[in-house]
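Colleague:
In my numbering, the protein residues as written are 381 to 808.
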């Protein structure tokens, strides 16, 4: 990766503050901005978009699926750009393009333009910008990476709990087109100047060291960009365990969130129950993610990855039988705990085990697979509902998915734990 500071030499900074703590809120703002392209952000406008463009629910779901699949393809290329040009340059481009995608969505007038808009929103928001945000902290923290990642991901939980409310408010007052225009302008005006003036790629750019305010020494190799060749990465069971595990969460979570109101109504509940489930999910996700992230700084991630998959399995079974407010809240708690334990434990593994040399390419492919998986979930659930008359069968199938992934995880190696063993084998 080429460093991309504002100037060609390291920029001095106050020794009282480790600059990684400035990078953390920037990465949190970046992940929150992806809400305009996340399922929980898009789904709130579904009714307005469908009515305005005269589309059926099936046509809308097909546009979303096709756009998401097409959008997943180029994400890995943005990861390559990150490795080549540095995070700062790449994220500035991503912010600009994502803002333009929101404005294009506001101007959509037919199904084909809607597919293109969904493609760009999914590719640039929850795909590229989320991937870049997820890689930022690895260049500033190592031993506390799990704890810092847990803090960063709190912003996603907050966004999931608040953005649907914000979108509903904007939809009622401005309509879906103006709402997306506001998103586009707001993201660029709010983020681009902050990242342009404040973002740095690595501690060396401000005369500091990985995890420390001290100046880097000549023999300090902790933040050297080393790591596994990509050809070796794809041969590890850890890569496939993390990729398939994240894919399962993306596929099933997207299907449930996208169809949550219909699922509740099918089971004799009011649509407002879906809001209770999402609120419980977000709160529990935030707590367990923070707990899991702190624990993997001291203990191996494997137990928390498996626990997350098993809790997620139970949550889907709980949703399938939910017929009261209490059952819906329990479902949200179980689902949030599963997602929280898994995401808190999984993200630090990428830089710790595979290194940072090809981190953009590795996580770009992982993110592309996640985005593609998220495209199939809502459509699969809709097809099964059309065939069987309910979501019950698809939820039962979804509940099975985490089991083989948990077994694969059990027999995979996820590398050293920072609190127990030193960095070795050339891995950063």
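Don't be surprised by glycine CBs; every beta carbon is placed ideally from N, CA and C. Quick caveat, the model's predicted, so the values are computed rather than measured.
Is the beta carbon of residue 672 closer than 8 Å to that of residue 724?
Modeller: Taking the first residue of the chain shown as position 1, residue 724 is located at position 344. Taking the first residue of the chain shown as position 1, residue 672 is located at position 292. Contact flag set, yes.
Colleague: Answer yes or no: does any C-beta atom of chain D fall closer than 8 Å to that of residue 580?
Modeller: Looking at the structure shown, chain D is missing, and only one protein chain is on hand.
Colleague: Which first and last residues belong to the alpha helix (DSSP H) in which residue 565 is found?
Modeller: Mapped onto the chain shown, residue 565 falls at position 185. 525 to 578 is the extent of the alpha helix (DSSP H) around residue 565.
Colleague: Am I right that residue 686 and residue 789 are in contact with their C-beta atoms under 8 Å? What's the rounded C-beta distance?
Modeller: One-based indexing of the chain shown puts residue 686 at position 306. One-based indexing of the chain shown puts residue 789 at position 409. Rounded, the Cβ-Cβ distance is 5 Å, consistent with contact.
Colleague: CA-CA distance, residue 444 and residue 438?
Modeller: Residue 444 sits at position 64 when you count from the first residue of the chain shown. Residue 438 sits at position 58 when you count from the first residue of the chain shown. Roughly 10 Å separates the two Cα atoms.
Colleague: List the endpoints of the continuous alpha helix (DSSP H) containing residue 653.
Modeller: On the chain shown, residue 653 is found 273 positions in, with the first residue counted as 1. 652 to 675 is the span of the alpha helix (DSSP H), which, as asked, contains residue 653.
Colleague: Look at residue 699 and residue 742 and say whether their C-beta atoms are less than 8 Å apart.
Modeller: For this step, residue 699 is matched to residue 319 along the chain shown. For this step, residue 742 is matched to residue 362 along the chain shown. No.
Colleague: Decide if residue 370 is buried, meaning its Cβ has at least 16 other Cβ atoms within 10 Å, or exposed.
Modeller: Here the chain covers residues 381 to 808 and nothing more, so residue 370 does not appear.
Colleague: Tell me which same chain residues have a C-beta within less than 6 Å of the C-beta of residue 692, skipping the five on either side of it?
Modeller: Numbered from its first residue, the chain shown carries residue 692 at position 312. Closer than 6 Å at Cβ, skipping near neighbours: 718, 782.
Colleague: Return yes when the Cβ of residue 708 is within less than 8 Å of the Cβ of residue 657, no when it is not.
Modeller: Along the chain shown, one-based indexing puts residue 657 at 277. Along the chain shown, one-based indexing puts residue 708 at 328. Contact: yes.
Colleague: So residue 452 and residue 748 are supposed to be a Cβ contact under 8 Å. How far apart are they, rounded?
Modeller: Residue numbering aside, residue 452 sits at position 72 when the chain shown is read from its first letter. Residue numbering aside, residue 748 sits at position 368 when the chain shown is read from its first letter. That pair is a contact at about 5 Å.
Colleague: Would you identify the three-state DSSP class for residue 325, choosing helix, strand or coil?
Modeller: Since the displayed the chain opens at 381 and closes at 808, residue 325 lies outside it and no answer follows.
Colleague: For a quick check, are the C-beta atoms of residue 407 and residue 485 less than 8 Å apart?
Modeller: The sequence position of residue 407 within the chain shown is 27, counting from 1. The sequence position of residue 485 within the chain shown is 105, counting from 1. No, the pair does not count as a contact, with Cβ atoms beyond the cut-off.
Colleague: Can you find the residues in the same chain that come closer than 6 Å, C-beta to C-beta, to residue 638, ignoring five residues on each side of it along the sequence?
Modeller: Here residue 638 refers to the residue found at position 258 of the chain shown. Beyond the five residues adjoining it in sequence on each side, residue 638 comes within less than 6 Å, by CB distance, of 419, 423, 758 in the same chain, given in chain order.
Colleague: Strictly by DSSP, which residues pair up with residue 589?
Modeller: Here the question's residue 589 lines up with position 209 in the chain shown. Answer is 592, bridged to residue 589.
Colleague: Does the Cβ of residue 763 have 16 or more other Cβ atoms within 10 Å, making it buried, or fewer, making it exposed?
Modeller: By one-based count along the chain shown, residue 763 stands at place 383. It is exposed - the Cβ of residue 763 has fewer than 16 other Cβ atoms within 10 Å.
Colleague: The alpha helix (DSSP H) that contains residue 620, what's its start and end?
Modeller: Numbered from 1 along the chain shown, position 240 holds the residue referred to as residue 620. From DSSP, the alpha helix (DSSP H) with residue 620 extends over 617 to 638.
Colleague: Given a cut-off of 8 Å on the beta-carbon distance, is the pair residue 536 and residue 409 in contact?
Modeller: As a working note, residue 536 is residue 156 in the chain shown. As a working note, residue 409 is residue 29 in the chain shown. Not a contact, by the Cβ cut-off of 8 Å.
Colleague: Would a C-beta distance cut-off of 8 Å place residue 498 and residue 447 closer than the cut-off?
Modeller: Here residue 498 refers to the residue found at position 118 when the chain shown is read from its first residue. Here residue 447 refers to the residue found at position 67 when the chain shown is read from its first residue. When the beta-carbon positions are compared, residue 498 and residue 447 come within less than 8 Å of each other.
Colleague: Is residue 786 closer than 8 Å to residue 689 when the C-beta atoms are compared?
Modeller: Against the chain shown, residue 689 aligns to sequence position 309. Against the chain shown, residue 786 aligns to sequence position 406. Contact: yes.
Colleague: So, helix, strand or coil for residue 333, using DSSP?
Modeller: Outside the shown range of the chain, which is 381 to 808, sits residue 333, and nothing can be said about it.
Colleague: Measuring alpha carbon to alpha carbon, tell me which of 500, 454, 540 ends up nearest residue 666.
Modeller: Here residue 666 is taken as the residue at index 286 of the chain shown, counted from 1. Of the listed residues, the one whose Cα sits closest to residue 666 is 540.
Colleague: To the nearest angstrom, how far is it from the Cα of residue 473 to the Cα of residue 681?
Modeller: Position 93 of the chain shown, counting from 1, holds the residue named residue 473. Position 301 of the chain shown, counting from 1, holds the residue named residue 681. If I take the Cα positions, the gap works out to 33 Å.
Colleague: Can you list, in chain order, the residues of its chain with a C-beta nearer than 7 Å to that of residue 794? Leave out the 5 residues immediately preceding and following it.
Modeller: The sequence position of residue 794 within the chain shown is 414, counting from 1. Cβ within range, chain order: 618, 680, 681, 682, 729, 733.
Colleague: Taking the beta carbon of residue 612 as the centre, do at least 16 other beta carbons fall within 10 Å, making it buried, or is it exposed?
Modeller: Taking the chain shown and counting its residues from 1, one reaches residue 612 at position 232. Counting Cβ neighbours within 10 Å, residue 612 comes out exposed, since fewer than 16 surround it.
Colleague: Taking the alpha-carbon positions, what's the residue 421 to residue 784 distance?
Modeller: Position 41 of the chain shown, counted from the first residue, corresponds to residue 421. Position 404 of the chain shown, counted from the first residue, corresponds to residue 784. If I take the Cα positions, the gap works out to 31 Å.
Colleague: Counting only runs that start and end within the region 413 to 474, where is the alpha helix (DSSP H) found for 4 or more residues in a row?
Modeller: 419 to 422, 426 to 433, 437 to 452, 455 to 465
Colleague: By DSSP, does residue 769 sit in helix, in strand, or in coil?
Modeller: Locating residue 769 in the chain shown gives position 389, where the first residue counts as 1. It is coil, neither helix nor strand.
Colleague: Under 8 Å by Cβ, that's how I've got residue 501 and residue 481 pegged, so tell me the actual separation to the nearest angstrom.
Modeller: The residue labelled residue 501 in the question sits at position 121 within the chain shown. The residue labelled residue 481 in the question sits at position 101 within the chain shown. Confirmed, Cβ separation roughly 5 Å.
Colleague: Checking the sheet assignment: what are the DSSP bridge partners for residue 735?
Modeller: For the purposes of this step, residue 735 is identified with residue 355 of the chain shown, where counting begins at 1. For residue 735, which the question treats as bridged, DSSP gives the partners 607.
Colleague: To the nearest angstrom, report how far apart residue 702 and residue 716 are at their CA atoms.
Modeller: Residue 702 sits at position 322 when you count from the first residue of the chain shown. Residue 716 sits at position 336 when you count from the first residue of the chain shown. If I take the Cα positions, the gap works out to 16 Å.
Colleague: If we call anything under 8 Å between Cβ atoms a contact, is residue 559 one with residue 425?
Modeller: Start at 1 with the first residue of the chain shown, and residue 559 comes out as number 179. Start at 1 with the first residue of the chain shown, and residue 425 comes out as number 45. It is a contact, given that the beta carbons lie within the stated cut-off.
Colleague: Buried or exposed: where does residue 601 fall if 16 or more other Cβ atoms within 10 Å of its Cβ makes it buried?
Modeller: Looking up residue 601 in the chain shown gives position 221. At residue 601 the pLDDT is 45, less than 50, meaning the model places this residue with poor confidence; the figure from the coordinates comes in the next sentence. Around the beta carbon of residue 601, fewer than 16 other beta carbons sit within 10 angstroms, so the residue counts as exposed.
Colleague: Measure the beta-carbon distance from residue 712 to residue 659 and round it to whole angstroms, keeping in mind my assumption that it falls under 8 Å.
Modeller: Taking the first residue of the chain shown as position 1, residue 712 is located at position 332. Taking the first residue of the chain shown as position 1, residue 659 is located at position 279. About 7 Å separates the two Cβ atoms, so the contact holds.
Colleague: Going by C-alpha to C-alpha distance, which of 412, 477, 584 sits closest to residue 531?
Modeller: Position 151 of the chain shown, counted from the start, is the residue given in the question as residue 531. Out of 412, 477, 584, 412 has the C-alpha closest to the C-alpha of residue 531.
Colleague: Within its chain, find whatever has a CB closer than 7 Å to the CB of residue 528; leave out the 5 residues flanking it on each side and keep chain order.
Modeller: Against the chain shown, residue 528 aligns to sequence position 148. The answer, listed in chain order, is 404, 517, 521.
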